[in-house]
Structure formats: C-alpha cells, structure tokens
C-alpha cells in the first residue's frame, strides 16, 4: 500500500491537502500510513516474543493483558526470532533502540538498558513504541499539557522528548492521554545528578499535582491504547462500527462495544453503570451562569454528564473543595473521583481524590463533561464540591503544520 503522498504533483506538496488519497475511515487508516514503515502484525494475531531472562515477569505481565482487550496474543519463544515477532535484547552500550520489522522475515528488535528493563513504566513505553503508538510527549500540542525540563534529560534520552513539528490529521480525533503507555513517567531519562534532588523530574503537568500523581499508578496500557491498537491490527469493521462515546468494537465479544469509563450499554450509549444513581439527573444542562454541585453519596456510585446548550460551546469545570472525614488516600487501582473534560472520552480523565487536593479550573475543551464519583459501599465518602458553566471555546494558542 503506497503512502498518502505517493505520486503527488509538485504543486500540491506545500498545500494543506497534500495527499493523493484519503481512507473512508479517516483518520485511523491514515494514522497507520503516517506512522509505520514496517510489516504489519495484523496477519499474525498470535505474536511470538523472546526476552532477557531477568525481565520475563514484567514483559509477560504487560503483554498478556492484550488478549483481554484486543485481538493480539503474545506467546513466549525461547530462541531469537528471525521472522515476525518481538525480540527483547539487553543493550551493551547504554543506549536504547527500537528497530521495527519491515518484512515477514524480520522481527522487531528492542535493545534496552537494564535501567529500562527494571522500570516497568519505561519498559511499557518502549513496547508501545514497538507497536506503533506515538509518544504523547512528542505531540505538537504537548505544551498545553506539560512543562519539559530539557536540562535534566540525559543525552541518550533527549530524542524521546523531541516535539513533532507536524499536527497530523489523526490527532484531531485523539486527545492527550496521561495514562497512555506511550507517556513515560516523570523521571524518564533523568540525569543521575538530579535523582537525589527535590525536583527530580523531567517534566511537570500544567494541572500539577493531579496528573503527576496519576503517573505513579498502574503499569498497564490505557483504554485509548488498546483502542488504537485494535484499529491498527485487528479485523475492525469500520462500516459496521456503531460504538458511541469513543468506545470500540472488540471481536471476542460480538455485537457489543468496549466502553470507556463512565459509559455502558451495547453501543456505549448510556451514561453510568448499574448502581450509579445518586439523586441527581444523569444528564444536566449547563448555562453561562455558574452552578455549584456537592456530591456526598455512599449508597450508589454517581456518574453525571454535563452538557453545553450548543455543540460549539464548551463546559468548564472548577473543582472547589474536597472534604474528607478520613485521610484522602490516593488508591492505585481505582480513581474514586474522575472528571473527563476532553472531547475524546476514551482517554483517562483527571483524578482528584488525593490529600494534595487544591482548587483547580479545568480547561474548557468539550461540550460534554463526565463526572465520576465512585464511593458505593464506602463508610465515609468525602464531600466533593465543584462548579460548572458553559463558555465559548478557547482560542488555539499554537501554530500547526500539515
């Protein structure tokens, strides 16, 4: 399959629509054409892998999750692979390298340092790259989300932080995902001299400390990762895709969509789950007049959608107060309070249940916001107060190139 600019007339190369074709299922097939140059795994849903002995448990923990969320299955191989598959080698020169497969007769090779192999966050980042996911820290819109400290990054890692100079079309369909496996942890590539200092980080989120705390949780791939991988590698029938609210079709569960948190139903058409009623309407309409809401329910989970009056207007949420009877402990496996304020509901929302809570005004990015308050069965649920209103969309503050 030739790339999208194959045979393009010279006079069109400097224009925005500098393509010779576009897929009906734009942007996802276009994503694949722009990102990968290697041979696709799509005809080999059972993928072999060979690993370094001292890391096999972490590699297996990461890879075995794919069969639960995608069509891909990984199986161990004790010998170095010569054909399609993934080899995990140990670097001898202190550098990390991902060499992608370009044919049926060639494996993808990950040559990684012991430092990476013993850090599950870093390991999953390079596995994500091997599968074709674009690193979140390289997105052209990353400066709206992060402050990057280049002076603290090792030379061998600096290319991992290089920002893209192009805003590819598929990014219009995806939002920044802090929980993506393609998002390295905040100490990724940190220079040794900074490791014992207080500010021992290579970047900080604009919404600090919330996303920074989220980076310390879990080691698996995110919902949006599995969704993208399903688009890229599985027999996804786009023509028959009726999944709503950024859900995706999972062929192992026929006729049902896999839904992001906050949604349920055969097509992800419903807000909430079973046992998710807390006295408020499921859907609330925002106006330009700010309204406050306080959640303090233990009997049922509370999941609410707040909508703007018009699709071009945006909902803005300001988290005002979190009152806990006991210590607000940030849990590893569950986000008790989550706000999904981005357009793409498949990405992880911001988690606000923490003893480091402080008032925060979230960016107004979507005409629909989902609030999740998940304290069903808890003896002493906190009181969470927030304000909502509708506003005009913010201006884009960065330039893009196509």
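Numbering (the UniProt record's numbering), first residue to last: 1 to 402.
The beta-carbon is built from N, C-alpha and C at its ideal position, and this holds for glycine as well.
Nearest candidate by alpha-carbon position, reference residue 375, set 297, 360, 307 and 249
Reading the chain shown from its first residue, position 375 is the one you call residue 375. Per the Cα distances, 297.
Report back the beta-carbon spacing between residue 390 and residue 314 to the nearest angstrom; my notes put them in contact at under 8 Å.
Reading the chain shown from its first residue, position 390 is the one you call residue 390. Reading the chain shown from its first residue, position 314 is the one you call residue 314. For a cut-off of 8 Å, the C-beta gap from residue 390 to residue 314 is around 7 Å, short enough to register as a contact.
Residue ranges of each beta strand (DSSP E) within the segment 267-347, 3 or longer:
Counting whole runs of 3 or more residues, the segment 267-347 contains the beta strand (DSSP E) stretches 283-285, 291-295, 302-307, 314-323 and 337-340.
Is DSSP giving residue 95 helix, strand or coil here?
Locating residue 95 in the chain shown gives position 95, where the first residue counts as 1. Residue state, collapsed to three classes: coil.
Residue 123 and residue 59: beta carbons closer than 9 Å?
Residue 123 sits at position 123 when you count from the first residue of the chain shown. Residue 59 sits at position 59 when you count from the first residue of the chain shown. Yes. Within cutoff.
Does the segment 216-232 come within contact of the segment 127-137, defined as at least 3 CB pairs closer than 8 Å?
Yes, the segment 216-232 is in contact with the segment 127-137.
With three or more C-beta pairs closer than 8 Å as the rule, is the segment 333-352 touching the segment 360-377?
The answer is yes - the segment 333-352 touches the segment 360-377, with three or more Cβ pairs under 8 Å.
Helix, strand or coil: which one does DSSP assign to residue 73?
In the chain shown, residue 73 corresponds to position 73, counting from 1. In the displayed model, residue 73 falls within a strand according to three-state DSSP.
Does the count of Cβ pairs from the segment 113-121 and the segment 135-145 closer than 8 Å reach three?
The count of Cβ pairs closer than 8 Å, one atom from the segment 113-121 and one from the segment 135-145, stays below three, leaving the stretches out of contact.
Below 9 Å between beta carbons: does that hold for residue 384 and residue 294?
One-based indexing of the chain shown puts residue 384 at position 384. One-based indexing of the chain shown puts residue 294 at position 294. Cβ distance < 9 Å, so residue 384 and residue 294 count as in contact.
Smallest Cα separation from residue 323: which of 355, 338 and 199?
Along the chain shown, one-based indexing puts residue 323 at 323. Nearest of 355, 338 and 199 to residue 323, Cα basis: 355.
Short check: CB of residue 339 to CB of residue 371, under 9 Å?
For the purposes of this step, residue 339 is identified with residue 339 of the chain shown, where counting begins at 1. For the purposes of this step, residue 371 is identified with residue 371 of the chain shown, where counting begins at 1. Residue 371 is positioned such that its CB atom lies closer than 9 Å to that of residue 339.
Beta bridge counterpart(s) of residue 386 as assigned by DSSP:
Taking the chain shown and counting its residues from 1, the one referred to as residue 386 is at position 386. Partner(s): 293 and 319.
Going straight from the alpha carbon of residue 253 to that of residue 266, what length do you get?
Reading the chain shown from its first residue, position 253 is the one you call residue 253. Reading the chain shown from its first residue, position 266 is the one you call residue 266. For residue 253 and residue 266, the distance between alpha carbons rounds to 10 Å.
Run through DSSP, which three-state label would residue 242 get?
Position 242 of the chain shown holds residue 242. Reduced to three states, the DSSP call for residue 242 is coil.
Nearest-angstrom beta carbon gap, residue 112 and residue 210 [assumed within contact, 8 Å]
The count along the chain shown starts at 1 and reaches residue 210 at position 210. The count along the chain shown starts at 1 and reaches residue 112 at position 112. No, residue 210 and residue 112 are not in contact; Cβ-Cβ is about 30 Å, not under 8 Å.
Rounded separation between residue 98 and residue 48 - CA only:
Looking up residue 98 in the chain shown gives position 98. Looking up residue 48 in the chain shown gives position 48. Distance between the alpha carbons of residue 98 and residue 48: 17 Å.
Out of 359, 350 and 114, point me to the one whose CA is closest to residue 93's CA.
Residue 93 sits at position 93 when you count from the first residue of the chain shown. Check the Cα spacing between residue 93 and each of 359, 350 and 114: the tightest is with 114.
When the Cα of residue 145 is compared with those of 86, 151, 156 and 163, which residue comes out closest?
Your numbering for residue 145 matches position 145 in the chain shown. Proximity to residue 145 across 86, 151, 156 and 163 peaks at 163, based on C-alpha coordinates.
Rounded to a whole number of angstroms, what is the C-alpha to C-alpha distance between residue 152 and residue 264?
Working through the chain shown from its first residue, we reach residue 152 at position 152. Working through the chain shown from its first residue, we reach residue 264 at position 264. One Cα belongs to residue 152, the other to residue 264, and the distance between them is close to 43 Å.
Secondary structure at residue 47, three-state DSSP: helix, strand or coil?
Sequence index remark: in the chain shown, residue 47 carries index 47 (1-based). The answer is strand: DSSP assigns residue 47 an E or B state.
Using a Cβ-Cβ cutoff of less than 7 Å, which residues in the same chain neighbour residue 63 once the five nearest sequence positions on both sides are dropped?
Along the chain shown, read from residue 1 onward, the residue named residue 63 stands at position 63. Cβ neighbours of residue 63 beyond the five flanking positions: 49 and 74.
Beta carbon of residue 128 nearer than 9 Å to that of residue 246:
Taking the first residue of the chain shown as position 1, residue 128 is located at position 128. Taking the first residue of the chain shown as position 1, residue 246 is located at position 246. Going by C-beta atoms, residue 128 is not nearer than 9 Å to residue 246.
Thinking residue 361 and residue 291 are a contact (beta carbons under 8 Å), I'd like their distance in whole angstroms, please.
Within the chain shown, residue 361 is the residue found at index 361, counting from 1. Within the chain shown, residue 291 is the residue found at index 291, counting from 1. Actually they are not in contact, since the Cβ atoms of residue 361 and residue 291 sit about 15 Å apart, beyond 8 Å.
With a CB to CB cut of under 8 Å and the five nearest residues on each side skipped, what residues in its chain are close to residue 65?
Translated into the one-based positions of the chain shown, residue 65 becomes position 65. Cβ neighbours of residue 65 within its own chain (closer than 8 Å, five residues either side excluded): 220 and 221.
Proximity below 9 Å, CB of residue 256 to CB of residue 227:
Mapped onto the chain shown, residue 256 falls at position 256. Mapped onto the chain shown, residue 227 falls at position 227. Cβ distance not < 9 Å, so residue 256 and residue 227 don't count as in contact.
Where does residue 279 land, buried or exposed, given buried means 16+ other C-beta within 10 angstroms?
In the chain shown, residue 279 corresponds to position 279, counting from 1. Counting Cβ neighbours within 10 Å, residue 279 comes out exposed, since fewer than 16 surround it.
Could you give the residue range of the beta strand (DSSP E) that holds residue 129?
For the purposes of this step, residue 129 is taken as residue 129 along the chain shown, with counting starting at 1. Premise fails: residue 129 lies in the alpha helix (DSSP H), 120-130, not in any beta strand (DSSP E).
Mapping the DSSP letters down to three states, classify residue 148 as helix, strand or coil.
Taking the first residue of the chain shown as position 1, residue 148 is located at position 148. Per DSSP, reduced to three states, the secondary structure at residue 148 is strand.
Skipping 5 residues on each side, what residues in its chain have a beta carbon closer than 6 Å to that of residue 204?
For the purposes of this step, residue 204 is taken as residue 204 along the chain shown, with counting starting at 1. A distance below 6 Å between beta-carbons, with the five flanking residues on each side excluded, links residue 204 to the following residues of its chain, in chain order: 147.
Rounded C-alpha distance that separates residue 182 from residue 137
As a first step, residue 182 must be located in the chain shown, where it is residue number 182. As a first step, residue 137 must be located in the chain shown, where it is residue number 137. Cα to Cα, residue 182 sits roughly 8 Å from residue 137.
Find out if the Cβ-Cβ distance for the pair residue 268, residue 281 is shorter than 9 Å.
Counting from one through the chain shown, the residue named residue 268 turns up at place 268. Counting from one through the chain shown, the residue named residue 281 turns up at place 281. No, they are not a contact pair.
What is the rounded straight-line gap between the Cα of residue 198 and the Cα of residue 272?
For this step, residue 198 is matched to residue 198 along the chain shown. For this step, residue 272 is matched to residue 272 along the chain shown. CA-to-CA, the gap between residue 198 and residue 272 works out to about 41 Å.
Roughly how many angstroms separate the alpha carbons of residue 107 and residue 184, rounded to a whole number?
Residue 107 sits at position 107 when you count from the first residue of the chain shown. Residue 184 sits at position 184 when you count from the first residue of the chain shown. In a straight line, the C-alpha of residue 107 is about 24 Å away from that of residue 184.
Taking only the alpha-carbon atoms, compute the straight-line gap between residue 57 and residue 88 and give it to the nearest angstrom.
One-based indexing of the chain shown puts residue 57 at position 57. One-based indexing of the chain shown puts residue 88 at position 88. Cα to Cα, residue 57 sits roughly 13 Å from residue 88.
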